[in-house]
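Notes follow once the structure below has been shown.
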Amino acid sequence: MTTMRTIRATIVLLALAFAAPLGAAVHLVPVVGGLASPVFAGNAGDGSGRLFIVEQGGVIRVLQSGAATASVFLDIRSKVIAGGERGLLGLAFHPQYASNGRFFVYYTRSGDGTIVVAEYGTLSDRNVASAIETTLLAIPHPINANHNGGMLAFGRDGYLYIGVGDGGSANDPPDNAQNLESLLGKILRIDVDRTASGLRYALPPDNPFVNTPGRDEIYAYGLRNPWRFTFDRVTDVLWVADVGQNAREEVNMPVVRGGNYGWRAYEGSSCTGNDPPLCNPANYRFPVLEYAHDEGRCSITGGSVYRGNRQSLPGGTYVFADFCSGEIFAWDGAAQTVLLDTPGNISSFGEDEHGEIYVVDLGGTVSRLAAATSCTYAIAPARETFAMAGGAGSIAVTAGDSCAWTAATGDDFLFGLKASQQITHRKQLREPAETLPIFYERARMLGARLGPVLFQTPPWAVPT
Ligand SMILES: [Ca+2]
Ligand SMILES: [Ca+2]
């Protein structure tokens, strides 16, 4: 009969600790992975509970509530030039989408890099879009690949708001953002339910430059690259995050009709070297919050104002991120705090129909931002025996959705890995219990005692 030994071991299961030095305790609940460079997530507002995800290369995917994978809703890869800051960048559903099936996309066009805002429809199978495109706006953007903007959203006024970058390069050489005859470096606002002569849309009569010099589409100006903006679904206030040059990342709120947000005279609240004589603060609106390029931060990703009912965050909290550092921040009206420090490149945020906030990682994952909850774990088998010569087995770890754990070895056995190493795992939605291989090496068992191994939930240890 084989001699058995007790393996004296200590395995620790710990909730994966994200730095949350100041803010509320939150974590990310993965919703779907395996995406190709996702840059946006949003909902159709049609009560279907679906989440729509934009992939930069030119595909929109639809994720049914509770599903593990997202199917193709629209594929316009042949129309899109993608990479860097280009691609299929934005998506907005018409406020009456449930009845009319209309939605709008923002992309950089293959061939010439022109910014296109186009309309599509939905087939009777509501999970498939029509391939017929109607171009509403085509904004030439021929010289530089960067600063395309990319955000679309409807305001409560029923108009479509469009965030357009300054045309690229650095320091806006043509001064597009301050030029009211250019659509670059602006927030535009158009009426997609009517048409004006020669246009596929109409101009809201109270746009600030209607009947005065300046393009009638302009709503606000002086922006560098308003990559992401959001409307607070309770107050309808418009929050615009503007990506900075080399120094300051900023959030502007409220963004108002006719407002001048400073670029290229100002970067954040700093007078740039571009046009020093124009640095008269009385002529501009300044950010409600800004931050500098330190600690690896370099590019803001604007987010959402939390208005969900799952108490993921205090109501009214504005959530945003830095693309380079991976940090997710919160602004409560008075202070910026770091909610989470993630290893990802956060390209966007999005909301579901209920106002829960989703985090889009360019690496391929969309996750829901959730309040951290206490996790429970179960480990099976509770007892196991192994041969003196060593052996192999497995342990199944069951944890609540989104609960993370870390398994670490002690000196005298191996847990599918070398001693002193550890593995960390976060359970995803719909994932069954995780089964870990375990291997015992004879050399590691010398000095251990006879008897069964006892596994316990954390702290996971073998009693002597
Ligand atoms: Ca005008
Ligand atoms: Ca500004």
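According to the working numbering, the sequence shown is numbered sequentially starting from 4.
Beta carbons are placed, not taken as given, at the ideal position from N, Cα and C, and that holds for glycine.
- Take residue 239, set aside five residues on each side of it, and the residues of its chain with a beta-carbon closer than 7 Å to its own are 158 and 159, in chain order.
- DSSP places residue 102 in the uninterrupted alpha helix (DSSP H) bounded by 100-103.
- Annotation for residue 30: the continuous beta strand (DSSP E) segment containing it runs 29-35.
- In chain order, 147, 149 and 150 place their CB closer than 6 Å to the CB of residue 171, counting only its own chain and leaving out the 5 sequence neighbours on each side.
- For residue 41, the beta-bridge partners assigned by DSSP are 58.
- Contact annotation: the stretch 199-218 does not touch the stretch 240-258, with fewer than three C-beta pairs closer than 8 Å.
- Per DSSP, reduced to three states, the secondary structure at residue 68 is coil, with no helix or strand assignment.
- Runs of the beta strand (DSSP E) spanning 3 or more residues and lying entirely within the stretch 276-324 occur at 292-295 and 303-308, in chain order.
- Straight-line measurement puts the Cα of residue 132 at about 14 Å from the Cα of residue 73.
- Of the residues assessed, residue 127 falls on the exposed side of the cut-off, its CB having fewer than 16 other CB atoms within 10 angstroms.
- Taking 7 Å as the cut-off, the beta carbon of residue 36 is found closer than this to the beta carbon of residue 368.
- In this structure, the C-beta of residue 265 approaches ligand 2 to less than 6 Å from one of its heavy atoms.
- Distance from the CA atom of residue 262 to the CA atom of residue 350, rounded to whole angstroms, is 26 Å.
- DSSP places residue 370 in the strand class (E or B) of the three-state scheme.
- The count of Cβ pairs closer than 8 Å, one atom from the stretch 253-272 and one from the stretch 219-238, reaches three, so the stretches are in contact.
- Straight through space, the alpha carbons of residue 333 and residue 373 are spaced by roughly 13 Å.
- Within the same chain, 357 and 358 come within 8 Å of residue 312 by CB-CB distance, once the 5 residues on both sides are set aside.
- In the DSSP secondary-structure assignment, residue 273 is bridged to 270.
- At least one heavy atom of ligand 1 lies less than 6 Å from the C-beta of residue 219.
- Listed as beta-bridge partners of residue 351 by DSSP are 363.
- In the structure shown, residue 89 adopts extended strand secondary structure according to DSSP, grouped into three states.
- With contacts defined by Cβ atoms closer than 7 Å, residue 193 and residue 244 do not form a contacting pair.
- A straight line joining the alpha-carbon of residue 301 with that of residue 383 spans about 46 Å.
- Collapsing the DSSP output to three states places residue 200 in coil.
- The stretch 285-301 and the stretch 325-343 touch, with no fewer than 3 CB-CB distances between them shorter than 8 Å.
- For residue 120 and residue 155, the gap between their C-alpha atoms comes out near 9 Å.
- One alpha carbon belongs to residue 205, the other to residue 165, and they sit about 14 Å apart.
- By the neighbour-count criterion, in which 16 or more other beta carbons inside 10 Å mark a residue as buried, residue 142 falls on the buried side.
- Judged by beta-carbon spacing, residue 65 lies within the 7 Å limit of residue 55, meaning their Cβ atoms are closer than that value.
- Excluding the 5 residues flanking it on each side, residue 235 has same chain C-beta neighbours closer than 6 Å at 308, in chain order.
- If you draw a straight line from the Cα of residue 188 to the Cα of residue 315, it comes to about 34 Å.
- Remark: C-beta atoms of residue 40 and residue 365 approach each other more closely than 7 Å.
- Within the same chain, and ignoring the five residues on either side of residue 330 in sequence, the residues whose Cβ sits closer than 6 Å to its Cβ are 341 and 344.
- If you look at residue 220, you'll find it isn't in any beta strand (DSSP E); DSSP assigns it neither H nor E.
- Setting aside the 5 residues that flank it on each side, residue 293 is surrounded in the same chain by 251, 253 and 271, each with a C-beta closer than 6 Å to its C-beta; the list follows chain order.
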